[in-house]
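Chemist:
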């Protein structure tokens, strides 16, 4: 017996390897749907592509000028920046306004969604004057929110080469134009020399908004990608570096939290936020962030924060904050002999690009979908479809307190593991069937010369070489890495596994995409999509899916009187409010007011829940939120299908 046990111990590594190989083989041979099943599933969705109006008068380019040390990889450095958001900026009650970053002109553009009401105002670019700028910066994203709490939707613009700018809507504005907004520094200080910006050279790729400390006011998280430095300054050499590891990089830009302090409205609106340093340990703070999402996962109305990191492990942060004091702790997945390291939360070595939350299995607990690089014969990692392995939020809270993230990755059996070079992701019900779909942006650099072989060599290079850009292989104009990849649109098939129906519904355009924004632009109850493309025109997809069921739409705003003015106020969104709907047939459907989860695409702050078929009467909806004092409120309502506007204070009141 002793000899047998000894032999087993010596052979255990080989046995485990054989089991893993057999498991991978079985997964790879999961049955696929027939053409008829795919066609039937796709017939339930339909989108019409429409061009987005852009302002004229700006020179267009196809690549960025970069630091001299980056010249031979300027296409790589130029591979991000396209961004898009949907919201109600003019107070007409519809999420029919877009804030987008077009990399071809390096401008932040405000424009109406195409279709009905597209002639309300002319597209325009935000003007940062009189704040200082220079020629070595570029916008990377736009986040709508009410940053001075006057009931009007403002805009946070984050950049490479500069600290972020808040564009605050003026009370006296009569319509949407560049004059509607007053630019204000998020990080105040002496940032100019002879009118040119000379402040901190942040290189931001991530921003999200949430009430992190539970005081009733929205705060801001900023995640930087490159460390501070002249990334976009072609006149200098040096002052920049690359990641020091392909799988465990912790030398990226630092992260910051900004706590709301005070604000004022009027024609000179202002907002003051306190920059909080050292909220996160350096190893966590210096990840290479490309995606972030904040959401209350355990039911205490304090939002957790997921950071999707390039070149290293993602991070899930459990929120232990109290009003005025930000505190987070890492929670991580547990491994076993049958779970690879990179399939556990907080231990992956993949290239996280985007993340979103949604209850994919209808158990009342949020799950997570994370985009990674998943290109066959390129770099084949996998996306993550992390499903919560708990009975309810109370059990999840106990696990979090123990430092455990109880999630299992189901991307392979669900057939969502492989798509391409993934970026933004949005989980939503696009046909009101009661089932969530997963829309994902993919693609990297479009050109004619295939550079995958050189990239594969880089992926296996010695980590000691990576930090110096000199050792990186060429990636210049004309080179191609995943340039023909297209949007993916995963929906559940008849057997519960997902199908990418993008080819069947006209979404498989071979152009690299980055950000996905969602919202109901025309009020018909079907979520539309706006997509930001890297070095190509953005596109709007008008949802014309056949009726599959009814929906519940909620516009949840603060119960406070907005500042007087001509431009109607949309209302201050109750970021982080949670909604749980119980249908008459016993299903539980959850959603929230999102403060901008993802990569560079921002969904509307409206809440949309597809109810499915045969739901015509009122449904029971439980609302939970924090009022302006930070007190937790909860109320149950009977709501009929359709759109509702509710003001939330000490109680919920329908407008």
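Residue numbers (my numbering): 546 to 1200. Yeah, the Cβ is synthetic: ideal placement off N, Cα and C, and Gly gets one too. These numbers were taken from a predicted model, which means no experiment stands behind them.
By Cβ distance, which residues of its chain are closer than 8 angstroms to residue 1072, with the 5 residues on each side in sequence left out?
Modeler: Answer for residue 1072: 973, 974, 975, 1063, 1064, 1065, 1088, 1153, listed in chain order.
Chemist: Since residue 829 and residue 876 should fall inside the 8 angstroms C-beta cutoff, what is the C-beta to C-beta distance between them, to a whole number of angstroms?
Modeler: Incorrect: roughly 12 angstroms between the Cβ atoms, too far for contact.
Chemist: Confirm, please, whether the CB-CB distance from residue 1032 to residue 488 is below 9 angstroms.
Modeler: Because residue 488 is not part of the residues shown, which for the chain are 546 to 1200, the question remains open.
Chemist: Which term fits residue 749, buried or exposed, when burial requires 16 or more other beta carbons within 10 angstroms of its beta carbon?
Modeler: Under this definition residue 749 is a buried residue.
Chemist: Decide if the region 775–785 is in contact with the region 607–614; the criterion is three or more beta carbon pairs, one per stretch, under 8 angstroms apart.
Modeler: Because the criterion of three Cβ pairs below 8 angstroms is met, the region 775–785 and the region 607–614 touch.
Chemist: Would residue 945 pass as an interface residue toward chain C - the criterion being a Cβ-Cβ separation below 9 angstroms?
Modeler: Within the model displayed, chain C is absent; a lone protein chain is all it includes.
Chemist: Note down the Cα distance separating residue 848 from residue 1052, rounded to an integer number of angstroms.
Modeler: Looking at the two C-alpha atoms, the distance is approximately 33 angstroms.
Chemist: Tell me the DSSP secondary structure of residue 576 in three-state form.
Modeler: Note: residue 576 maps to coil in three-state DSSP.
Chemist: Taking residue 1181 as part of the alpha helix (DSSP H), name the residues at either end of that continuous run.
Modeler: Taken as a continuous stretch (DSSP letters only), residue 1181 belongs to no alpha helix (DSSP H), being part of the beta strand (DSSP E) at 1177–1184.
Chemist: With a threshold of 16 other CB atoms inside 10 Å of the CB of residue 1013, please say whether the residue is buried or exposed.
Modeler: Classification of residue 1013: exposed, given that the 10 Å Cβ count is below 16.
Chemist: Apply the 10 Å Cβ neighbour rule to residue 579 and answer buried if 16 or more other Cβ atoms are within range, or exposed otherwise.
Modeler: Counting Cβ neighbours within 10 Å, residue 579 comes out exposed, since fewer than 16 surround it.
Chemist: Got a sec, what are the start and stop residues for the beta strand (DSSP E) residue 630 sits in?
Modeler: Here the beta strand (DSSP E) through residue 630 covers 628–632.
Chemist: Does DSSP put residue 955 in a helix, a strand or coil?
Modeler: Looking at residue 955 - three-state DSSP - the assignment turns out to be coil, as it is neither helix nor strand.
Chemist: Can you check which of these residues, 1130, 995, 1090, 904, is closest to residue 1124 by C-alpha distance?
Modeler: The shortest C-alpha separation from residue 1124 is found at 904.
Chemist: Cα separation between residue 915 and residue 923?
Modeler: Cα to Cα, residue 915 sits roughly 19 angstroms from residue 923.
Chemist: Measuring only the C-alpha atoms, how far is residue 788 from residue 1000?
Modeler: Looking at the two C-alpha atoms, the distance is approximately 14 angstroms.
Chemist: Looking at the ligand FAD, does it come within less than 8 angstroms of residue 1110, judged from the CB to the closest heavy atom?
Modeler: No copy of the ligand FAD appears in this structure; indeed no ligand is present at all.
Chemist: For the putative contact between residue 964 and residue 919, defined by C-beta atoms under 8 angstroms, what is the C-beta separation to the nearest angstrom?
Modeler: 5 angstroms between Cβ atoms; contact.
Chemist: Taking the beta strand (DSSP E) that residue 861 falls in, what are its first and last residues?
Modeler: Start and end: 860–864.
Chemist: Measure the Cβ-Cβ separation of residue 861 and residue 824 and say whether it is below 9 angstroms.
Modeler: Result no, Cβ atoms of residue 861 and residue 824 do not sit closer than 9 angstroms.
Chemist: Could you tell me the distance, in whole angstroms, from the CA atom of residue 821 to the CA atom of residue 765?
Modeler: Each residue's Cα considered, the two are about 10 angstroms apart.
Chemist: DSSP state of residue 1187, grouped into three classes?
Modeler: Three-state result, residue 1187: strand.
Chemist: Buried or exposed, going by whether 16 or more other CB atoms sit within 10 Å of the CB of residue 1114?
Modeler: Residue 1114 should be labelled buried.
Chemist: Return the first residue and the last residue of the alpha helix (DSSP H) that residue 829 is part of.
Modeler: Here the alpha helix (DSSP H) through residue 829 covers 827–830.
Chemist: Going by DSSP, what residue range makes up the beta strand (DSSP E) through residue 1123?
Modeler: Unbroken beta strand (DSSP E) run through residue 1123: 1123–1127.
Chemist: According to DSSP, which residues form a beta bridge with residue 612?
Modeler: None, per the DSSP bridge assignment.
Chemist: Which residues bound the alpha helix (DSSP H) around residue 945?
Modeler: Taken as a continuous stretch (DSSP letters only), the alpha helix (DSSP H) holding residue 945 covers 938–946.
Chemist: What's the call for residue 1183, buried or exposed, on a 16-neighbour Cβ count within 10 Å?
Modeler: So residue 1183 counts as exposed.
Chemist: CB residue 869 to CB residue 756, shorter than 9 angstroms?
Modeler: Not in contact: residue 869 and residue 756 (Cβ atoms no closer than 9 angstroms).
Chemist: Near residue 1102, which residues of its chain fall below 8 angstroms by C-beta distance, leaving aside the five closest residues on each side in sequence?
Modeler: If we look at residue 1102 and ignore the five residues flanking it on each side, its Cβ neighbours are 696, 1115, 1116, 1117, 1118, 1119, 1190, 1191, 1192, 1193.
Chemist: Which one or two residues does DSSP pair with residue 669 in a beta bridge?
Modeler: Bridge partners of residue 669: 655.
Chemist: Would you kindly check if the distance between the Cβ of residue 954 and the Cβ of residue 1146 is under 9 angstroms?
Modeler: Not in contact: residue 1146 and residue 954 (Cβ atoms no closer than 9 angstroms).
Chemist: Which whole-angstrom value describes the C-beta separation of residue 504 and residue 730, a residue pair presumed to lie in contact below a C-beta threshold of 8 angstroms?
Modeler: The requested residue 504 does not occur in the structure, where the chain is confined to residues 546 to 1200.
Chemist: Assuming the contact rule is C-beta atoms closer than 8 angstroms, residue 1027 and residue 627 should be a hit. Round their C-beta distance to whole Å, please.
Modeler: With 8 angstroms as the limit, residue 1027 and residue 627 do not qualify as a contact, their Cβ atoms being about 15 angstroms apart.
Chemist: Look up residue 884 in the DSSP assignment and say whether it is helix, strand or coil.
Modeler: Residue state, collapsed to three classes: strand.
Chemist: If you drop the 5 nearest sequence neighbours on each side, which residues of the same chain put their C-beta closer than 8 angstroms to that of residue 583?
Modeler: 1038, 1044, 1046, 1049.
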